[in-house]
Structure formats: structure tokens, C-alpha cells
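Undergrad:
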Amino acid sequence: MYLSKLLIPITKDIPAEAKIKSHQLMLRAGMIKQSSAGIYSWLPLGFKVMKKIEQIVREEQNLIGAQEMLMPTIQSSEIWKESGRYEDYGEEMLRIKDRQGREMLYGPTNEELITDIFRASVKSYKSLPQILYHIQWKFRDEIRPRFGVMRCREFFMKDAYSFDLDDEAAKKSYNKMFCSYIRTFNRLGLKAIPMAADTGPIGGDLSHEFIILAETGESQVYADKRIFEIDLNKYDYTDKSLQKMRQDFSSIYAATDEKYLEKDFNEKVKKENQIKTKGIEVGHIFYFGDKYSKPLNCMIDTLEGKKLSVKMGSYGIGVSRLVGATIEANYNNNIMKWPKSISPFDAVIIPSIGKNNKENLQKAEKIYKELKKQNIDVLIDDVDENMSNKFKKHDLIGIPYQIIIGSKSTENKIEFKEVNSDSSFIDLKDIKSKLRN
203 MYLSKLLIPI
213 TKDIPAEAKI
223 KSHQLMLRAG
233 MIKQSSAGIY
243 SWLPLGFKVM
253 KKIEQIVREE
263 QNLIGAQEML
273 MPTIQSSEIW
283 KESGRYEDYG
293 EEMLRIKDRQ
303 GREMLYGPTN
313 EELITDIFRA
323 SVKSYKSLPQ
333 ILYHIQWKFR
343 DEIRPRFGVM
353 RCREFFMKDA
363 YSFDLDDEAA
373 KKSYNKMFCS
383 YIRTFNRLGL
393 KAIPMAADTG
403 PIGGDLSHEF
413 IILAETGESQ
423 VYADKRIFEI
433 DLNKYDYTDK
443 SLQKMRQDFS
453 SIYAATDEKY
463 LEKDFNEKVK
473 KENQIKTKGI
483 EVGHIFYFGD
493 KYSKPLNCMI
503 DTLEGKKLSV
513 KMGSYGIGVS
523 RLVGATIEAN
533 YNNNIMKWPK
543 SISPFDAVII
553 PSIGKNNKEN
563 LQKAEKIYKE
573 LKKQNIDVLI
583 DDVDENMSNK
593 FKKHDLIGIP
603 YQIIIGSKST
613 ENKIEFKEVN
623 SDSSFIDLKD
633 IKSKLRN
């Protein structure tokens, strides 16, 4: 892609309404544009990052046997009245009526709808276990939307739902998702800490939230830094290994201010291992048994011929929120560096261009075409402006690798730089291998 053709409305000034790093960067780098309070259009750069996050989430869900589907954004109020949550959910739910006067709502979550689908489709224990998920827009009418995509009204989310015959089987599904989330965030270049959490309006008696450390987070975090030393490679997807993984993470102290006790923290964590900072919630998992299946009469025939309410769990990851959270974790000193797995481009070629000198641009285009042949996704900065402005611009865009074509570049040696590192002059073939690894 040529930068001159990319819709990327970069601004120099920090927007007055943007109070945190991610909101500032996403507006300045032309990733999003506000449509109304808490609702955003995703422009090409931001949308590309979000879609890469979505794909990693999808791959990790598929790996544990979850099946992707798609549910509508608009739901009937009837199933919410069946579960008893229609009135209880509060004013965050956007309630509407269609032209026939039927009460509808813009879904803030999908426990009722998925239970309705399941009860109409599955009757026997032989079809269990099942994990179903979709990646869909949600709407919650926040009383005071703020912080850009971190706390907005319309957001893009992966939500999954497990169905099992009994508590023991349901805990196995829960552990699968626990592992999947840890691996998902690891692939996104984020260190996420799982923490026991309150179940809130979802309900149930078992819940974990996944927190990444960031100074602008809304949650106060207290943790033992040894939690980052756990080796994910020693676990597999067998039931025994999954249970061991959850036990290993749970055995190391980590809590938000909701569950923090100073006495416990000081007794269980050595002073040199104590982390006291803030964090951002990027995922939440719940096991709630028959909280929804019982009132919605979602029954399963057992081997003995009895009927039981199916046991359920739900599991959410804020895909659009992860774009902002990643920025909060990686944007420092006015320089952004996207993790390689979700960077909008693999590399950017930055040639020094003058009115009477097109030679560097020609060199850049030659390299561009060569890298494209290797299926490397490259941005070429073909805009005629001074190099100082170009570097400032790319500090915002955050592509992790830069190929700089200037007076020091030769036919055989090209300046190559990883953001936040020193540059070096290397062969084109070596650049290819660096970008492919």
C-alpha cells in the first residue's frame, strides 16, 4: 500500500476530549472517527489492527473445539423476560420497539439468545459437550462513555458459551477457555494476569477476569511478579494439564482492589516480588451452572432417562477494546510499537524524497515489489515531505520495522530499523528473513 493512497487523517494536535494514551493516539493516527458519544467509525488503519486481533481470537477458539456462529444484534425482549433479566439489567440496555409495537433490544450480551437456540436444537446428553461462539457488535448504553474505545457504547466482542451435562464436565470446558485466553493474549504480545473476580450481572459462582498491566487502567492491581514466569509450553489441552494450569496460576497471588487484602498480600508475596500498579480488563470468563437454562427450560435427557438443566458458562473478549489496551501497554514517550502479530503492516519503507531526486523513491518501489512477492505486507511512504516529519508520523503509526532509503543506502546495503532499537545496514535478503520470522 502507498501511503499517499491510504485514508489516514493524521493530526498534529492532541484532541481535547482524549484523556488517555490510546484515545489520543487512535484519533491522531486516524484509526477511528467519533460518530456520536461512545460510537466510532473504524478507519482503515484501526480496522486492520482490529481484524488481526479478531483472527487470532478466532484461531485460538477453534483450537479448543469451539464452533463459530453468528447471532443478531437485535433481540426479542421475550427471552429476556423468561430469564428474569429484562427489567433487572438496567438502563445500559437499549430498549426499542418495532413498527408492530413489539419490544426489542440491542443485545448487550447473548446468554438468553444462545440458550434459546440450544434448547430448540439439542435434547440428548450424546450431543454434549458443546462450545459455541460468535464475534459480533454489542451495545451498552454507558451513562458516561469515555476513554475512546476503552469504554464506549458500541463495541466488537467475542462471546462464547459452553454447554455440559454436569458440574465436573462444565469445569473442564471452563479450564479449556482459561487456557485459550492465556494463549490468545500471549499471541497478541500481551502479558495477561488471570484473577478471581466477582460475577456481576452475568451471575454464577466461578469467574476470572484477565488483566494487562497499564498505568492508565481502571483497576488497581496487586500481584506477585512470578506469575509472569509460568511456562505456557508445559501445558497441553488434556483435562489433567488444563486443571494443573489453572491451579498453577491461582496459586500465585494476584488480585484487583475488589478482592485485595493488604495482610494477605504482604504475607504471601515477598517484598521484592510485589507489583502494585493499575490494569485493564481485556477478558472475562464465567461459570454459572443452570442460572439461565433453568428459567428458560433448557433440558437435556440423561443416560438414565432423566431430564436435567444443562450446565453453562460464558466467556467474553473485547476485541475492539484490545486495540486500545494494546496501545496503553505499548505507547511510550510519543512512540508506538505494535506487536508484530497485529501490526497494521509488517514493515514500512521510508525513502528520502526531494523535488529533483526521485532515485530513492525508485529504490523504495523496487524493494516494495520484491517484498510483496514474498507475501510481506508493506507500506511505502511516497509522500514528499522532510524525513523528520516522516519519522514523527511513523512514531504514531507504530509499524515495528522500518526500511529507510536515504543517502547512506547503497545497492547492496539498506538501512533497517526496529522501533526503539538502533538501525543497521543489511542486505535485502536478510530483511526478508527478519520480517518472515
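Quick note: the sequence shown uses our numbering, first residue 203, plus one each step.
All C-beta atoms, glycine included, are put in the ideal place defined by N, C-alpha and C.
This structure is a prediction, so every number in the text was calculated from the model and none was measured.
(1) Looking at C-beta atoms only, is the number of pairs between the segment 604-611 and the segment 542-555 that lie closer than 8 Å three or more?
(2) Looking at residue 463: is its Cβ nearer than 9 Å to the Cβ of residue 321?
(3) I need the boundaries of the beta strand (DSSP E) containing residue 576, first residue and last residue.
(4) Of the choices 339, 367, 341, whose alpha-carbon is the least far from that of residue 327?
(5) Report the residue from 634, 396, 529 whose alpha carbon sits nearest the alpha carbon of residue 572.
(6) Have a look at the DSSP bridge pairing and note the partners of residue 320.
(7) Under 7 Å Cβ to Cβ from residue 598, same chain only, skipping five residues before and after it: list those, please.
(8) Indicate the three-state DSSP secondary structure (helix, strand or coil) for residue 364 in the structure shown.
(9) Exposed or buried, which one is residue 339 when buried takes at least 16 other CB atoms within 10 Å?
(10) Report the three-state DSSP secondary structure of residue 230 (helix, strand or coil).
(11) Determine the direct distance from the alpha carbon of residue 256 to that of residue 559, and round the result to whole angstroms.
(12) Taking contact to mean at least 3 C-beta pairs separated by less than 8 Å, is the segment 383-394 in contact with the segment 461-478?
(13) Between residue 381 and residue 444, how many whole angstroms is the CB-CB distance? I'm expecting something under 8 Å.
(14) Starting from residue 450, trace the alpha helix (DSSP H) both ways and give me its first and last residue.
(15) Only counting the same chain, and skipping five residues up and downstream in sequence, which positions put a Cβ closer than 6 Å to that of residue 271?
(16) Does the segment 478-486 come close enough to the segment 518-529 to have 3 or more Cβ pairs within less than 8 Å?
(17) To which residues of the same chain is residue 621 closer than 6 Å at the C-beta, ignoring the five residues directly before and after it?
(18) Helix, strand or coil: which one does DSSP assign to residue 458?
(19) At the level of alpha carbons, what is the spacing between residue 624 and residue 609?
(20) Tell me, please, whether the segment 358-367 touches the segment 421-431 by the rule of three or more beta-carbon pairs shorter than 8 Å.
(21) Could you check what DSSP says for residue 522 in three-state terms: helix, strand or coil?
(22) Does the Cβ of residue 618 have 16 or more other Cβ atoms within 10 Å, making it buried, or fewer, making it exposed?
(23) Given a threshold of 16 other Cβ atoms within 10 Å of its Cβ, counted over all protein chains shown, does residue 303 qualify as buried or as exposed?
(24) Please work out which residues of its chain come closer than 7 Å, Cβ to Cβ, to residue 596, disregarding the five sequence neighbours upstream and downstream, and give them in chain order.
(25) Which residues bound the alpha helix (DSSP H) around residue 495?
(26) Please work out which residues of its chain come closer than 7 Å, Cβ to Cβ, to residue 235, disregarding the five sequence neighbours upstream and downstream, and give them in chain order.
(27) Does the separation of the CB atoms of residue 222 and residue 349 fall below 9 Å?
(28) Quick one: what does DSSP say residue 490 is sitting in, helix, strand or coil?
(29) Leaving aside the five residues before and after residue 410 along the sequence, list all residues of the same chain whose C-beta is less than 7 Å from its C-beta, in chain order.
(30) Over what stretch of residues does the alpha helix (DSSP H) that includes residue 464 continue unbroken?
(31) Counting only runs of 3+ residues fully inside the segment 270-302, write out the beta strand (DSSP E) ranges in chain order.
(32) Whose C-alpha, out of 250, 583, 414, 507, is nearest the C-alpha of residue 204?
(33) By DSSP, does residue 479 sit in helix, in strand, or in coil?
(34) How would you write the range of the alpha helix (DSSP H) that residue 376 sits in, first residue to last?
(35) When you compare only the Cα positions, how much space is there between residue 343 and residue 238?
TA: This is what the structure holds:
(1) yes
(2) no
(3) Residue 576 -> no beta strand (DSSP E), and no H or E assigned at all.
(4) 367
(5) Residue 572 has its Cα closest to that of 634, out of 634, 396, 529.
(6) BP columns for residue 320 are empty, so no partner.
(7) So the qualifying residues of the chain are 212, 227, 230, 231, 538.
(8) strand
(9) exposed
(10) helix
(11) 42 Å
(12) no
(13) 5 Å
(14) 441-452
(15) 334, 336
(16) yes
(17) 539, 602
(18) strand
(19) 18 Å
(20) no
(21) Three-state DSSP puts residue 522 in a helix.
(22) buried
(23) Around the beta carbon of residue 303, a 10 Å sphere encloses fewer than 16 other beta carbons of the protein chains shown; the residue is thus reported as exposed.
(24) 550, 552, 604
(25) Element bounds for residue 495: n/a, residue is neither H nor E.
(26) 242, 243, 245
(27) Yes. Within cutoff.
(28) strand
(29) 380, 396, 397, 398, 399, 487
(30) 464-470
(31) 276-278, 296-299
(32) 583
(33) strand
(34) Judged by DSSP secondary structure, residue 376 falls within the alpha helix (DSSP H) whose first and last residues are 369-389.
(35) 12 Å
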